[in-house]
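Sequential numbering of the sequence shown, starting at 229, is according to my numbering. Structure record follows, encoded as structure tokens.
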Amino acid sequence: MTPRSTTPFAAALDALAERLRERPAVVLSGAGCSTESGIPDYRSPGRPSRTPMRVQEFMGSAEARARYWARGAVGWQRFSRARPNGAHKAIAGLEQVGAVRGIITQNVDGLHQAAGSRRVVELHGSVARVRCTECWAPEGRGGMQARIRDLNPTFAWEESSVAPDGDAEIPEGAYAGFRVPECLACGGILKPDVVFFGENVPRPVVNDAWRLFDEGEVLLVAGSSLTVFSGRRFVLRAAERGIPVAILNVGPTRGDDLAELRVEGRLGEALPRLLRALGPAERLSAQG
Numbered sequence: 229m230t231p232r233s234t235t236p237f238a239a240a241l242d243a244l245a246e247r248l249r250e251r252p253a254v255v256l257s258g259a260g261c262s263t264e265s266g267i268p269d270y271r272s273p274g275r276p277s278r279t280p281m282r283v284q285e286f287m288g289s290a291e292a293r294a295r296y297w298a299r300g301a302v303g304w305q306r307f308s309r310a311r312p313n314g315a316h317k318a319i320a321g322l323e324q325v326g327a328v329r330g331i332i333t334q335n336v337d338g339l340h341q342a343a344g345s346r347r348v349v350e351l352h353g354s355v356a357r358v359r360c361t362e363c364w365a366p367e368g369r370g371g372m373q374a375r376i377r378d379l380n381p382t383f384a385w386e387e388s389s390v391a392p393d394g395d396a397e398i399p400e401g402a403y404a405g406f407r408v409p410e411c412l413a414c415g416g417i418l419k420p421d422v423v424f425f426g427e428n429v430p431r432p433v434v435n436d437a438w439r440l441f442d443e444g445e446v447l448l449v450a451g452s453s454l455t456v457f458s459g460r461r462f463v464l465r466a467a468e469r470g471i472p473v474a475i476l477n478v479g480p481t482r483g484d485d486l487a488e489l490r491v492e493g494r495l496g497e498a499l500p501r502l503l504r505a506l507g508p509a510e511r512l513s514a515q516g
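Given below as structure tokens:
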């Protein structure tokens with residue numbers, strides 16, 4: 229593979245397929261995997277800047293929690309209907325033929341599992357789950373959505389475009405008087421089971437991710453700008469160990485200088501083509 233360069237699309241995919249015939253990969257996926265499912269990312273060209281919720285603000289302000297859950301309640305109506313696209317399905321297929329050991333994902337949408345991927349480590353959690361910050365009792369996001377509706381019968385539920393975290397933009401002040409459900413078990417503060425900015429990825433999740441990482445002989449970055457260190461650290465570790473790094477993304481990433489191969493293009497096109505090049509006949513050689 230050509231070191232640290234963007235190779236023409238078809239040639240780059242051929243080179244990547246050849247590598248995966250010899251050595252299995254672990255996939256590190258980011259928001260670019262899900263944009264073709266209608267879930268936007270933070271950093272695509274032309275996207276307005278957006279300040280994500282920080283855990284200190286969420287836990288320290290009832291108003292911030294009301295704003296977050298009001299926006300989340302509107303956004304969940306469309307976010308929950310998102311379906312896997314060709315990129316998710318191709319990654320699941322690559323796992324089935326033995327070319328991919330599993331996925332470490334920075335996404336919180338659950339679309340890898342919905343596409344059929346079996347081994348998925350969710351670095352940043354899942355918006356489909358809610359947990360109490362006091363007793364840690366879990367609740368499904370759908371159940372909380374129903375409780376939000378019951379508590380806010382006059383709230384304006386008009387759908388708007390979904391935002392990167394599954395919430396939506398709503399007019400300032402639209403959440404005035406918005407009531408947030410409490411934990412059913414203890415009455416505590418409920419928080420989506422995701423890692424907010426300012427939080428650390430839980431140690432057991434990090435350990436699971438490193439165990440999976442150790443099974444790969446190639447690190448395939450799919451749809452991540454690698455801006456956040458929780459994902460970029462895997463590229464840095466791969467470079468330290470001499471593990472080949474291949475990056476499929478639209479736009480530059482913070483790992484480009486460490487990649488042996490850089491493929492510029494839509495994942496919904498590139499990954500299905502890669503899967504077609506690594507059909508079932510390659511299963512044994514891909515598994516090594």
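Every residue gets a Cβ at the ideal spot worked out from N, C-alpha and C, and that includes glycine.
Put residue i into one of helix, strand or coil per three-state DSSP.
i: Leu360; result: Going by the sequence as given, residue 360 is Cys instead of Leu. Correct three-state label for Cys360: strand.
i: Val433; result: helix
i: Ser265; result: helix
i: Leu447; result: strand
i: Asp421; result: strand
i: Pro252; result: coil
i: Leu495; result: helix
i: Ile331; result: strand
i: Ser308; result: coil
i: Ser458; result: helix
i: Arg347; result: coil
i: Met229; result: Any reading at Met229 needs caution, since the residue's pLDDT is 48, under 50, leaving its predicted position unreliable; the model's value is listed next. Looking at Met229 - three-state DSSP - the assignment turns out to be coil, as it is neither helix nor strand.
i: Gly368; result: strand
i: Ala402; result: coil
i: Arg375; result: helix
i: Val473; result: strand
i: Leu502; result: helix
i: Ala487; result: coil
Going by Cα to Cα distance, which pick from the options is closest to residue i?
i: Ala310; options: Arg460, Glu323, Leu495 and Val336; result: Val336
i: Arg251; options: Ala327, Ala239 and Pro236; result: Ala327
i: His340; options: Gly314, Glu362, Glu410 and Arg357; result: Gly314
i: Arg346; options: Arg249, Leu440 and Leu476; result: Leu440
i: Pro312; options: Gly496, Cys360, Val434 and Arg369; result: Gly496
i: Phe406; options: Gly260, Arg431 and Ile376; result: Ile376
i: Ser308; options: Gly368, Trp438, Gly493 and Ala238; result: Gly368
i: Val434; options: Ala318, Glu264, Leu499 and Ile332; result: Ile332
i: Lys419; options: Trp385, Val408 and Val429; result: Val408
Go ahead and label residue i buried or exposed: buried means 16 or more other beta carbons lie within 10 angstroms of its beta carbon, across all protein chains shown.
i: Gly303; result: buried
i: Asp378; result: exposed
i: Thr481; result: buried
i: Cys363; result: exposed
i: Trp297; result: buried
i: Ala413; result: exposed
i: Phe286; result: buried
i: Ala396; result: buried
i: Ser289; result: exposed
i: Arg431; result: exposed
i: Asp442; result: exposed
i: Glu400; result: exposed
Please tell me whether residue i and residue j are closer than 8 Å, where the distance is taken between their beta carbons.
i: Ala240; j: Val423; result: no
i: Val463; j: Val449; result: yes
i: Pro280; j: Phe425; result: yes
i: Val355; j: Pro366; result: no
i: Ser452; j: Leu256; result: yes
i: Gly394; j: Gly300; result: yes
i: Gln284; j: Gly459; result: no
i: Ala203; j: Ala343; result: Residue 203 lies beyond the range of the chain shown here (229 to 516); nothing can be said about it.
i: Ala253; j: Asp269; result: no
i: Leu503; j: Leu244; result: no
i: Arg329; j: Gly444; result: yes
Between residue i and the rest of its own chain, which residues show a CB-CB distance below 7 Å, the 5 nearest in sequence each way excluded?
i: Arg295; result: Tyr403
i: Ala467; result: Val473 and Leu486
Given residue i, which residues of its chain have a CB within under 6 Å of its CB, disregarding the five upstream and five downstream residues?
i: Arg501; result: Leu241
i: Ala211; result: The structure shown does not extend to residue 211, since the chain spans only 229 to 516, so no value can be given for it.
i: Gly493; result: Phe237
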